[in-house]
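Undergrad:
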Amino acid sequence: MEEQVQALQAALTDLGSGSLVVVTGAGISQASGIPTFRGSDPEAVWRQSDVTLATFDYFRRDPVGQWEWYLKRFEAVAAAQPNPAHLALVELERWHSERAGSFCLVTQNIDTLHEEAGSSKMIKIHGTSDRLRCSQVGCRYGSPAGSLASIDVSFEEFVASPSKQTLPLCPECSSILRAHVLFFDEYYGEHEDYRFSEADEAADTADLMLFVGTSFSVGITDIFLRAGILKRIPMFSIDPGGHRSSPWPDLELLPSPAEELLPEVCHRLTAHREMTSAAEPRR
Ligand SMILES: [Zn+2]
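In the working numbering, the protein residues as written are 742 to 1024.
1) Any idea which residues DSSP pairs leucine 992 with across the strands?
2) Mind the definition here: the segment 838 to 854 touches the segment 747 to 761 only if three or more C-beta pairs lie below 8 Å; say whether that holds.
3) Does the Cβ of lysine 865 have 16 or more other Cβ atoms within 10 Å, making it buried, or fewer, making it exposed?
4) Looking only at its chain, what residues have a beta carbon closer than 8 Å to the beta carbon of alanine 890, apart from the 5 residues adjacent to it on each side?
5) From what residue to what residue does the alpha helix (DSSP H) around aspartate 755 run?
6) On the three-state DSSP scale, how would you describe cysteine 911?
7) How is aspartate 871 classed by DSSP in three states: helix, strand or coil?
8) For arginine 801, count the other beta carbons within 10 Å of its own beta carbon; 16 or more makes it buried, fewer makes it exposed. Which is it?
9) The alpha helix (DSSP H) spanning histidine 932 covers which residue range?
10) Among Thr853, Ala858, Asn850 and Ala820, which residue has its Cα nearest to the Cα of arginine 835?
11) Distance, Cα to Cα, alanine 820 vs serine 773?
Okay, structure coming up:
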C-alpha cells in the first residue's frame, strides 16, 4: 500500500490550489455494512436481474412491492455509521480548502454517511434515502424541485399491512409518494436536487479526480472519466476489488481498501502541512 499512499499524496500536494473532484460509489459504504449495488461482494443487492426493481416503470406497476424493497434497504442504510474513508474525505476537504483549492464531492450513494461524517461541498447525484417525493410532476412536493423529509412521513400503517391503501400519500395532492432517488429509467435532469449541471461543470473544471469505490458501471462516472481523459488530468481509482489493470489511459488504480488508504494519505498531508508551517520563519 505504501507506493499507493505516496502516489496519491504526491499528486494531491502537486495540485496546489487546483480543483479537486472526488467521486464516490457504493464501495466506500461497504465497510459501513451497506451492501454494494453491483459489486462482487456476496451481499450485493442489485444483481442485474433486480435492476428492474429500481425503475419508474416498476414503481408504476407495483408501488407496494417497490416500497417494501426500498424500506428494507433504507432501514439498513439508516443503521449504518460513517467509516474511516468517509471521515478522511472530510479531512481532505478541509485540508484542500485551507489551501484555497476548490473541492467537490460527487456521490452516487443515496445513504447519508458523507453528511453524517461532515462533508459539506457535496452533490448527491442519485438522490438520498432521507427524503421522498410526490410522484406527481409539478406538485410542490414533486419534480422538478420538491421533496419531503422521510421523518415527516409515516410508513407505520404500510409496514403493518402492506397494500396500495396503506401507502402514504402526498399531503398536497394525495398522489402516491416515491423514493427521492434516480431510477434506472430516469434522467439526471428530472430533479434539481441531483444537481447534474453542477456535477457536469465540476467534471469539466477538475484538475485532479479521485474515484473511491465506484465500479464505473453507471453513467455519471463515464462523464467524469471522459472529461478527465480529454483534459489529461491525473485520475486515481481506489477500489480493492476493481480492475486489475487500468482500462483507461491516465487512470491510476489504487487497489487498497479506501478506509485504510485515505486516512493514511490524509494523515501524511496534514502532518506535512504542520511541518512546513512550523518551518516558516516567524515575523
Ligand atoms: Zn403531490
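Idealized CB from N, CA, C, for every residue including glycine.
Model, not experiment: these values are computed from the prediction.
TA: The short version:
1) Met976
2) Put simply, the segment 838 to 854 touches the segment 747 to 761. At least three CB pairs are less than 8 Å apart.
3) buried
4) Asp871 and Arg872
5) 743 to 755
6) It is coil, neither helix nor strand.
7) strand
8) exposed
9) Under the DSSP assignment, histidine 932 falls outside any alpha helix (DSSP H); it carries neither an H nor an E label.
10) Ala858
11) Approximately 9 Å, taken between the alpha carbons.
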